[in-house]
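Asker: Following this message is one structure expressed as structure tokens.
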Amino acid sequence: MKTLLITLATLFTFFGHTSGISGQNNPGTTITADSLQHFTITGIITDKLSLQPLVHAHIAVFDEHRRVLLTGALSDYDGNFRVDVVSDESVYLRLSSVGYETHWMMVHTKTTHLQTIQLLPADLLGADVLVQAEAIPVLSTSDRIRYYPSARQLEISASALEVLRFLPGVQLSLFQDITLDGNSDVLILVDGKQRDKQFLQQLPPSQIERIELLPVPPPGFESSGGGAIHVVLRAVPDYYLGVRAHAEIPARINEQFLFPNASVLYSRPTFTLQSGYSGERTRFKISDKQRYTDMQTGTSQLTQQDLIQQGYMHRFTSGLGFQAGSSSHIDLYGWVTTYGQEHNGSAVMLRDDHSNVESVRSETDRNRAGFLSAHYRYEAAPRSLTAALSHYEMQTNADIAFEGIGLYAKINPKERVSTVRAEIHEKELIPADVRYGISWQHTQRGTDSFVDSLSEQTSALYIRLARKIGSIDLQGSLRGEYNSLGGWYVLPTLMAHHRFGNQKTTVRFHYRTTVIHPGIFQRYQQSMWGDPLHVSVGNQALRASLQRDLVAELSHNTGSGSLSVRYTLAYNHDPMQQRIERISQESFLSSWYNARYSWGHRVRMTGMLAFSSSAGVQMWVEPGTVQFADAELRWFISGGGSMYWRTGERLTLAVMVNHEGHRIGEERRNYSGTLYFANANIFITEAVSASLVSGIPFSGGFLYDGFRAGYNDLEVHSTGRIRLSMVPVWATITMEINRGGGTVSRRDLSKDQPQPSRRTRRVF
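When we follow the numbering used here, the leftmost residue of the sequence shown carries the number 15, and every step to the right adds one.
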């Protein structure tokens, strides 16, 4: 009966009083009265914890005794509402939204100003039916799509990095590598500051407020072929101490995908201090085949390797945030990595005459890297200034040898990258939101086997304008970039987002031009001495490529889910491809070159639905094609889905499926194939949780770094397959302890109760 009454009241408010619905963009809540006591109430309704607008919240106006319903309205997509009232007395507003506590407030006809109204999340449980749905899980604007992870998704994720598995279009491999819409060149931002996946590994999921996917990176960062993932954190209270540690426990010695991490966060009113560790320990089997085919004679030569690949990595991070006055904030952040990796196994070379040559392959790889950055922000409304500088340095020493056949290679690449950025944000300079700035980057690459090194500078000026006109969001940016090796590039971006009358259906368009510069291994020649198959690789004359993308997306949002369809057309001028040429009967040259063009078409369909606060599901699929100049048409399909639900007080179950199509020829992939994860998470104590994870790769393995290349009468096809048992299983354990005001623990998330929050400042 209680459930029925709640449902009837909701429907009555929704259908019986929609005539008063309208929306305006107002900075706060105001009341304007006239002499006839006809007055209009306008305001904004937001979530008290996240401060995000509430869509289609109910505003019911009652008389002063809260008995007679006078009129009503609904909030629009930005949380704005407007309701016209005729009354000689004070009135009561009843503000409610599915999944939030009902809020009553008295409004006097002579009142001139009220604060923005904030609602607290709450569960509405009936005797036998759950009628509460979660808040809007996804909101889109002209330049990004905002996802609000549910409490269940945060609860079963060991780190902020694992939360990305629940986002449509984001792939996270067994190696924790991130791809966005099939592109591995992804910019990672945390509260507007550039970070990386190791930072997300140390970040507790409970700190996440929302995650934004940007198909076009902000114009202040170096243009690339990928998009950006922006993680927005909850506010850090005045006093906070958080300690967390995470570790995996493998079930098989030859199947290890371990990423232990630990972090400490200490916060006071004027500063925050963060320190952490992230590591990697991998061990798995690889079956790699490379076949060289003579297209004229039909003969082929096959190289096959069966390896046990193993590696490890250690990274230590530290950061300091300092509040220098009421308007200035300074962040210092850095990390240092000592990395070692060894490969051992057997190699078999099969020639045309079927004479096999067996040898033992060994590889020793020692990498060292470091990063240091400083970020300054000054804000004095309506203007703000942001400045950042960073320095990155990496050096690798790799030795590869095939004992028994006399093959040996020594590769020692090194890289230094220094970056400076400055940006001014003007909110009231003209009738538009304006951002403009400059950036400069110096990159030096080389190898110890060459005396000289490759040095390049990239300077850029950019401006971005954003304007909202009614239900239309417009945004445009222009980046002028000069590269010392490639010359001038003009990179425009245009974006538009329109909300239809019901505010639930939106359409979004964007057009962008990006420049992709060659990498160190594409530029530099490398030799494997004595190897008849690889004489050298690289091309210092390689040009950068320009890529143009046109995207159209139609989406529909409800109170508990969303459905969207996106079409992407990509044209690449001078794409960088790998070519194999015959030098002699037994020698070949592998090099990178600029093809004339390539066309790509992709269609992505995404659906999300939250059944309740304890269960949800999402699915997505993306088929596409790639057509290169004078080459065959190749197609691929990617997709995946996830489902999560809570059973009992402490146990949460989840299933995640992720398939990445093998985009041969477009770029070398970290992996492709189908990955399946089943996760059972249980809270042992208030601060300790454990999970049992099962990953079942399709057919017991998946492709790894496969590619296809050829030229004229020769074709080379390389495929690698990581071989795992049908049911690899490992366990995880996570400990998280919080102290201080406004803390949000993992146990708090599992209760789905209103969480205290003091919005003072953000961390890093």
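Glycine is no exception: its CB is placed at the ideal position from the N, C-alpha and C atoms.
The structure displayed is predicted, hence computed values, not measured ones.
1. What are the start and end residues of the alpha helix (DSSP H) that includes A165?
2. Apply the 10 Å Cβ neighbour rule to Q129 and answer buried if 16 or more other Cβ atoms are within range, or exposed otherwise.
3. Between the C-alpha atoms of L194 and G241, what's the straight-line distance to the nearest angstrom?
4. When you compare only the Cα positions, how much space is there between P506 and S498?
5. Please determine if the stretch 389 to 408 and the stretch 212 to 220 are in contact, where contact requires at least 3 C-beta pairs separated by less than 8 angstroms.
6. With 16 as the cutoff for other CB atoms within 10 Å, does A161 come out buried or exposed?
7. Considering only their Cβ atoms, is the gap separating N586 from Y607 smaller than 8 angstroms?
8. Any chance you could list the beta strand (DSSP E) runs of at least 3 consecutive residues sitting entirely within the stretch 630 to 682, in chain order?
9. Could you please give me the residues that DSSP links to R297 through a beta bridge?
10. Under 7 angstroms Cβ to Cβ from F330, same chain only, skipping five residues before and after it: list those, please.
11. Just to confirm my understanding: we take A259, look at its own chain, exclude 5 residues before and 5 after, and list those with CB closer than 6 angstroms. What are they?
12. List the DSSP bridge partners of E437.
13. Determine the DSSP secondary structure at F189, reduced to helix, strand or coil.
14. Is it true that the CB of A401 sits closer than 8 angstroms to the CB of A436?
15. Short check: CB of S111 to CB of L133, under 8 angstroms?
16. DSSP on F285, reduced to helix/strand/coil?
17. Round the Cβ separation of G675 and S652 to the nearest angstrom and send it over; I've been treating them as touching at under 8 angstroms.
18. State whether the stretch 568 to 581 contacts the stretch 691 to 706, with contact taken as three or more CB pairs (one from each stretch) at a distance under 8 angstroms.
19. Name the DSSP beta bridge partners of V100, please?
20. Assuming S574 and L623 make a contact with CB atoms under 8 angstroms, what is their CB distance in whole Å?
21. Just to confirm, are D490 and L479 a CB contact at a threshold of 8 angstroms?
22. In whole angstroms, give me the CA-to-CA distance for V204 and Q591.
23. What is the residue span of the alpha helix (DSSP H) that E176 lies within?
24. Sort I58, L403, Q554 and I73 by Cα distance to R537 and report the nearest one.
25. Which value, in whole angstroms, describes the spacing of the CA atoms of I444 and N426?
26. Tell me V617's beta-bridge partners as DSSP assigns them.
27. Mind checking which residues open and close the alpha helix (DSSP H) that includes L214?
28. Quick check on the DSSP output: the beta strand (DSSP E) that includes K482 runs from which residue to which?
29. Our contact map puts P219 next to L168 with C-beta atoms below 8 angstroms; I'd like the distance itself, whole angstroms only.
30. Classify S220 as helix, strand or coil using the three-state DSSP reduction.
31. Whose C-alpha, out of S342, G384 and A87, is nearest the C-alpha of T352?
32. For the candidate residues D588, E595, T528 and W659, whose alpha-carbon lies nearest to that of R562?
33. From A265 to P742, what does the alpha carbon distance come to, in whole angstroms?
34. My output table needs one value for R158: the three-state DSSP class, helix, strand or coil.
35. If you run the structure through DSSP and keep just helix, strand and coil, what is R537?
36. Does L227 pass the burial test, meaning 16 or more other C-beta atoms within 10 Å, or should it be called exposed?
Answerer: Considering the structure as presented:
1. A165 to E169
2. exposed
3. 7 angstroms
4. 20 angstroms
5. no
6. Here residue 161 turns out to be Tyr, not Ala, going by the sequence shown. Counting Cβ neighbours within 10 Å, Y161 comes out buried, since at least 16 surround it.
7. no
8. 647 to 661 and 665 to 674
9. Q270 and Q324
10. Y291, W349 and V350
11. A276 and M749
12. T400 and G451
13. coil
14. yes
15. yes
16. strand
17. 5 angstroms
18. no
19. H52
20. 6 angstroms
21. Looking at the sequence shown, residue 490 is not Asp but Gly. Yes.
22. 33 angstroms
23. A174 to V177
24. Q554
25. 52 angstroms
26. Y581
27. K211 to Q216
28. L468 to I483
29. 4 angstroms
30. helix
31. G384
32. T528
33. 7 angstroms
34. coil
35. helix
36. buried
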